[in-house]
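Notes follow the structure.
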Amino acid sequence: MSAGALAAVDPSILLLQGGLDAVGDAVFGVLLWVLEQWYWLMDWTYYLTGLEMLNPRYRFMHRAILVGLCVGVMAPLIGTFLVHRQLALIGDALAHTGFAGVAVGLFLNAVIDLGVSPYLTAVVVAMVAALCIELISEVTDAYNDVSMAIVLSTGFALGTTLISLNAGGLAVGVNQFLFGNLSTVSPASAAILLVLFAVIVGTVAITRNQLLYVTFDETAAAVSGIPVDWYNRVMVMLTAMVVVGAMQIMGVILVAAMLVVPVAGATQVSRSFSESLVVSVVLAELAVLLGIAAAYYGGVTAGGIIVLFAVAIYVCTVVLGKLQSARGGRTTPEMGSIEAGTGTGAGAGDDD
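The sequence shown begins at 1 in UniProt numbering and counts up by one.
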């Protein structure tokens, strides 16, 4: 039954549809305003610094920098929890399923002219895959690495199968999803990323204490009444959002690195979970900015050079951490036992 027929039966349907359209238009308007303000900031930065990659003619670079900065916050924010839960490789699994989501979007656009952004379908498919990882572990009692391997293989197999069909030229431009591409960050893709950024940062801000408690002591969290399974699902779904958002400039193959490498570097020079979180964001932003600049001026793939900078920064933090330890100025406490064990219930995990 069409929307018009439903509205004839129940006029409230039409009112609801109009309300949803109004909300969508309002959100889109806000996102466009944010992008315009970002363009203005980049224009002024160009006039002050003279950096060619910030030239007002290169709006795609402005959007790429915005996406990169958002990824530099989102990836370590979620990656810090994942690394301490020994789930570092889940990013790889969800990246491959995110690629399958891109293939699904391209396929639907080619076959039925759906007109939906491939990144939007990637978000949906990656979130479904994230839930599947959790469900497989819970239902079959398999280890997390087994469920991740199953989902990774299934996702990449689905993506390659759809691409091999070559319906409407699906294989054209697939490299941008595998390796990332600065020039393909469209306003629509940037808008999707901004929405993901707001959802991820907002969710972590609200549930930070519960996530921290579950990360370091699931048993104690469950005993204190925290729904551990629910928070585990929240974490993997947030990871899926980060992976799809970072895919725009990092590509499927390298996206997981931003979840792990900056966090690994931060743990070398940090003494608490909160300090590690802040330092990992700083290291990630540094790698992103250096990588985007090198990609523009050197003509290299953005994802690869960003990861190389991240690894180089990691090596520097390892050396710095060893020097601090040798001077006796840094200890390496068990962050989980210190921080997660300072309280119980929903308020546990405060380390202020």
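All C-beta atoms, glycine included, are put in the ideal place defined by N, C-alpha and C.
A residue is called buried once 16 or more other Cβ atoms fall within 10 Å of its Cβ, and Ile112, having fewer, is exposed. Taking the C-beta atoms as reference points, Val300 is found no nearer than 8 Å to Val261. Around the beta carbon of Pro118, 16 or more other beta carbons lie within 10 angstroms, which makes this residue buried.
One thing to note: Ala95 has its Cβ no nearer than 8 Å to the Cβ of Val236.
In this structure, the alpha-carbon of Leu108 lies about 43 Å from that of Thr267.
For Val244 and Ala100, the gap between their C-alpha atoms comes out near 11 Å. A Cβ-Cβ contact shorter than 8 Å links Leu283 with Gly265. In the structure shown, the three-state DSSP call for Gly98 is helix. Here Gly115 has Asn109 as same chain residues with Cβ atoms under 7 Å from its own Cβ, once five neighbours each way along the sequence are excluded. Per DSSP, Val255 lies in no alpha helix (DSSP H) segment and is marked neither H nor E. In chain order, Leu94, Ala126, Met127, Ala130 place their CB closer than 6 Å to the CB of Ala240, counting only its own chain and leaving out the 5 sequence neighbours on each side. In the same chain as Gly291, and ignoring 5 residues on each side of it, the C-beta atoms closer than 7 Å to its own belong to Ala302, Ile305, Ile306, Phe309, in chain order. The beta carbon of Trp38 lies closer than 6 Å to those of Leu66 in the same chain, with the five residues before and after it left out. Between the region 218-232 and the region 69-79, the count of Cβ pairs shorter than 8 Å is below three; the stretches do not touch.
For Leu323, the enclosing alpha helix (DSSP H) stretches over residues 302-327. Segment contact: the region 177-191 against the region 51-63, three or more CB-CB distances shorter than 8 Å; contact assigned.
Scanning its chain for C-beta atoms nearer than 8 Å, with the 5 sequence neighbours on each side dropped, one finds around Val34 the residues Leu194, in chain order. With contacts defined by Cβ atoms closer than 8 Å, Phe177 and Gly251 form a contacting pair. Counting other Cβ atoms within 10 Å of its Cβ, Ser147 reaches 16 or more and is therefore classed as buried. Counted as a single uninterrupted DSSP element, the alpha helix (DSSP H) harbouring Glu218 occupies residues 218-223. Here the alpha carbon of Val228 sits roughly 34 Å from the alpha carbon of Leu31. Residue nearest to Ser137 within the set Arg59, Ala190, Arg233 is Arg233 (criterion: CA-CA distance).
According to the DSSP assignment, Leu89 belongs to no alpha helix (DSSP H), since it is labelled neither H nor E. Note on Ala26: under 16 other CB atoms within 10 angstroms of its CB, so exposed under the neighbour-count rule. Taking 8 Å as the cut-off, the Cβ atoms of Ala190 and Ala75 do not count as close. The C-beta separation of Val281 from Leu77 comes to about 7 Å, placing the pair in contact by the 8 Å criterion. For Thr121, the uninterrupted alpha helix (DSSP H) run begins and ends at 118-140, by DSSP. The distance from the Cβ of Val269 to that of Thr317 is about 5 Å, consistent with a contact at the 8 Å cut-off. Around the C-beta of Ala103, 16 or more other C-beta atoms lie within 10 Å, and the residue is accordingly described as buried.
Residue environment: Thr140 is assigned as exposed (fewer than 16 neighbouring CB atoms within 10 Å of its CB, all protein chains considered).
Under the three-state reduction of DSSP, Pro227 is assigned to coil, being neither helix nor strand.
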